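Structure record follows, encoded as structure tokens.
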Amino acid sequence: MWIGLVFCCTIAFVTGGLPPQANYIAELLRDQTSSTRVSDNIIEDATLDLPNLVRKYNYPLEEHSVTTEDGYILGLHRIPHGRDSNNRPGNKPVVFLMHGLLSSSADFLVMGPGSSLAYILAEEGYDVWMGNARGNYFSRRHRRLNPDALLNTAFWEFSWDEIGNKDLPAMIDFVLQRTRKSALHYIGFSQGTTVFFVMASLRPEYNKKIISMQAMAPVAYMRHNSSPLLNALAPFARRIEEMAGRRGIAEFLGKRPIYTKIGKEFCMDGAETQALCSEVIFFIAGNSGEGQHNATMLPVILGHYPAGIALRQAAHYGQAIAGGDFRRYDHGPVVNRRIYGFAVPPRYDLSRVSAPVYLHYSETDPLADLRDVERLFRELGNVAGRLRVKPRVFSHVDFVWGVDAKTLVYNSIIGSMRRRDRQN
Ligand SMILES: *[C@@H]1O[C@H](CO)[C@@H](O)[C@H](O)[C@H]1NC(C)=O
């Protein structure tokens, strides 16, 4: 039954939220379940948009936008200084954070001050910038193309290849220009690491703009991954994308008010359905390690996640799973020949990644399996550190949502960044 329910919910996500009748039912249920609400703050944090969530906690937040060479308009968030310590603007080292698949800058903010990475870095004296990949809630704009066009999916014709090749360089150049720096620290989570490896191998001139690259739950090779959602999709990756394209669907799990509503109605502490909410999140994002999942925070998570991707991003990961290699997107032999000059898409050459990379990984991450991380380690051009999270049970999403992420991961990231800063 769980599987069935999870499946239904996933289908509802895939087809763009629930039908209008379901909205109506959720509306009705709202009045019935209001007595199960525990904390007003959870509701408020789930409902506020991200910039106002940050401001609610008295942190400064700036919003910026950057246009890529191919016309995508990306939203950047910045916390220029801390609230309690280092709480004055000034000449601070710059750190750029890049989120995971289906997510947004919310990855570094939703768990709140003292827990989420962006706040912690601001308190530690860093000027914190957060990117958003084309197509997500904050970057769903283009000079000419309309993301909501019916029958025309041109806006959505990209995978994480373009995010690494075009979005990251545009955002990094913008941040360096604004802060008048020549280099910055980069911290990526999951897809945020994939796109870095894409950039640093396709556009190696960007390596010198990176003081250190901190890779949390690094994903390049995926042969051994065990994500339920991606593995279910992998064998059909191209077919799904083609079928979806013909029906004019190319966006996947875009941010919609219904998720916030579901979060608030069904995932609150005290709601009988809270366990189901955890299951759905785990199906989509992967399991959590023992003791790392804070179910109380589910409504807040669902207020900001998922934030949307192009179906082709999932398809590209599907190809990485099915093929076992780290290659550019496979459009099929005819188009491949036109774009890459070969029938088979070329490999990303990881030996060209010359920026110092610190790999932060765990023994039980189903999406960044030890064997795949080991291969990445062997092939990267300049690995400066390998930091395995101590407890055995620490999972993929725990790097951003885990109760102990600060002590188990963030402190060692900050330690390695500081050592680099002292050398510079
Ligand atoms: C879970 O989140 C709630 C709400 O933010 C918080 O009060 C609680 O301390 C958290 N639990 C753990 C174990 O961190």
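Numbered by mature numbering (1 follows the signal peptide of the UniProt record, and there is no 0), the letters in the sequence shown go through residues -16 to -1, 1 to 408 in order.
For each residue, glycine too, the CB sits at the ideal point set by N, CA and C.
Note that the structure is predicted; figures quoted are calculated from it, not measured.
Under 9 Å between C-beta atoms of residue i and residue j
| i | j | result |
| --- | --- | --- |
| GLY247 | LEU282 | yes |
| PRO97 | ARG67 | yes |
| residue 462 | ALA294 | Lying outside -16 to 408, the shown extent of the chain, residue 462 is not represented and no answer is given. |
| ILE305 | ILE285 | no |
| PHE378 | LEU360 | no |
| VAL94 | HIS61 | no |
| VAL357 | TYR345 | yes |
| ASN366 | SER396 | no |
| ILE195 | ARG406 | no |
| GLU108 | ILE398 | yes |
| PRO202 | GLY270 | no |
| ARG162 | HIS48 | yes |
| LEU371 | SER400 | yes |
| LYS193 | LEU237 | no |
| THR244 | GLY308 | no |
| residue 430 | ALA117 | The requested residue 430 is not part of the displayed model; the chain covers only -16 to 408. |
| ASP145 | HIS380 | no |
| ASN191 | ARG336 | yes |
| GLY59 | SER143 | no |
Residue range of the unbroken beta strand (DSSP E) whose run includes residue i
| i | result |
| --- | --- |
| TRP113 | 111 to 114 |
| ARG372 | 367 to 372 |
| SER49 | 46 to 51 |
| GLN175 | GLN175 -> not in any beta strand (DSSP E); alpha helix (DSSP H) instead, spanning 175 to 186. |
| SER211 | Run containing SER211: none; DSSP gives neither H nor E here. |
| LEU237 | Counting along the chain, LEU237 falls outside any beta strand (DSSP E), and DSSP gives it neither H nor E. |
| HIS61 | 56 to 63 |
Close beta carbons around residue i, own chain, < 6 Å, minus the five adjacent residues each side
| i | result |
| --- | --- |
| GLN276 | ASP382, GLY386 and VAL387 |
| ARG125 | ILE57 |
| ASN120 | SER88, ALA291 and GLY292 |
| ILE9 | Any reading at ILE9 must be qualified, since the residue scores a pLDDT of 36, below 50, and its modelled position is unreliable; the value itself is stated next. For ILE9, where only same-chain residues beyond five positions count, there are no Cβ hits under 6 Å. |
| GLY302 | LEU217, ALA218 and ALA221 |
| PHE(-10) | Note on PHE(-10): pLDDT 38, under 50, position unreliable in the model; the coordinate value appears next. Around PHE(-10): no qualifying Cβ. |
| MET200 | PHE173, HIS344 and PHE383 |
| THR(-2) | Any reading at THR(-2) must be qualified, since the residue scores a pLDDT of 36, below 50, and its modelled position is unreliable; no value is offered. |
| ASP15 | In this prediction, ASP15 has a pLDDT of 38, which is less than 50 and means its spatial position is unreliable; what the coordinates show is noted afterwards. So the list is empty, once near-sequence residues are dropped. |
| TYR394 | LEU101 and ILE104 |
| ALA154 | VAL50 and THR52 |
| SER19 | In this prediction, SER19 has a pLDDT of 35, which is less than 50 and means its spatial position is unreliable; nothing more can be read from the coordinates. |
| ASN70 | GLY109 |
| GLU274 | VAL377 |
| LEU129 | ALA138 and PHE139 |
Start and end residues, alpha helix (DSSP H) containing residue i
| i | result |
| --- | --- |
| GLU347 | Here GLU347 belongs to no alpha helix (DSSP H), and DSSP marks it neither H nor E. |
| VAL79 | Note, VAL79: premise wrong, no alpha helix (DSSP H); beta strand (DSSP E) at 78 to 82. |
| residue 431 | What is shown of the chain runs -16 to 408, which leaves residue 431 out entirely. |
| SER99 | Run containing SER99: none; DSSP gives neither H nor E here. |
| MET197 | Premise fails: MET197 lies in the beta strand (DSSP E), 194 to 200, not in any alpha helix (DSSP H). |
| GLY302 | 295 to 307 |
| TRP385 | 382 to 385 |
| ASN395 | 395 to 407 |
| MET155 | 152 to 163 |
| ALA269 | 258 to 269 |
| LEU36 | The sequence given here has Asn at residue 36, not Leu. Element bounds for ASN36: 34 to 40. |
| VAL357 | 354 to 363 |
| ARG72 | Here ARG72 belongs to no alpha helix (DSSP H), and DSSP marks it neither H nor E. |
| ILE323 | 317 to 324 |
Cut-off 8 Å between Cβ atoms - residues of its own chain near residue i, not counting five sequence neighbours on either side
| i | result |
| --- | --- |
| VAL22 | Its pLDDT being 36, under 50, VAL22 is placed unreliably in this model, and the value from its coordinates should be taken loosely. MET252, ASP253, GLY254 and THR280. |
| THR(-7) | Residue placement at THR(-7) is flagged as unreliable, the pLDDT there being 44, under the threshold of 50; the coordinate-derived value follows with that caveat. Excluding residues within five positions, the ones whose Cβ falls inside 8 Å are LEU213, VAL264, PHE267 and ILE268. |
| ILE323 | HIS315 |
| TYR332 | PHE181, VAL182, SER185, LEU186, ALA204, PHE310, ARG311 and ARG312 |
| ARG402 | none |
| ALA90 | LEU34, HIS83, HIS288, TYR289 and ALA291 |
| PHE158 | HIS48, VAL50 and LEU60 |
Spatial neighbours of residue i in its chain, beta-carbon cut-off 7 Å, leaving aside the 5 residues before and after
| i | result |
| --- | --- |
| LYS239 | TYR121, PRO290, ALA291 and GLY292 |
| PRO64 | PRO44, GLU46, PRO73 and ASP111 |
| LEU85 | SER174, GLN175, ILE293 and GLN297 |
| LEU32 | LYS40 |
| LYS390 | SER99 and ILE104 |
| ARG355 | HIS208 |
Cβ-heavy atom distance, residue i to ligand 3, below 8 Å
| i | result |
| --- | --- |
| ASP132 | Summarising the ligand content, the structure contains ligand 1 and does not contain ligand 3. |
Next on the checklist: Whether or not the segment 178 to 190 and the segment 149 to 165 are in contact is what I'm after, with contact meaning three or more pairs of Cβ atoms, one per stretch, closer than 8 Å; do they touch?
Outcome noted: Contact between the segment 149 to 165 and the segment 178 to 190 is present, because at least three Cβ pairs lie under 8 Å.
Next on the checklist: Please output, in chain order, the residues near ligand 1 using a CB cut-off of less than 6 Å to any non-hydrogen atom of the ligand.
Outcome noted: ASN278, THR280, MET281 and VAL387
Checklist entry - Do the segment 74 to 85 and the segment 104 to 119 meet, that is, are 3 or more Cβ pairs less than 8 Å apart? => result yes
Item to check | Segment contact, 8 Å Cβ cut-off, at least three pairs: the segment 33 to 43 with the segment 127 to 139 | outcome: no
Item to check | Cβ contact (3+ pairs, closer than 8 Å) linking the segment 323 to 330 and the segment 160 to 178 | outcome: Under the Cβ criterion (8 Å, minimum of three pairs), the segment 323 to 330 does not count as touching the segment 160 to 178.
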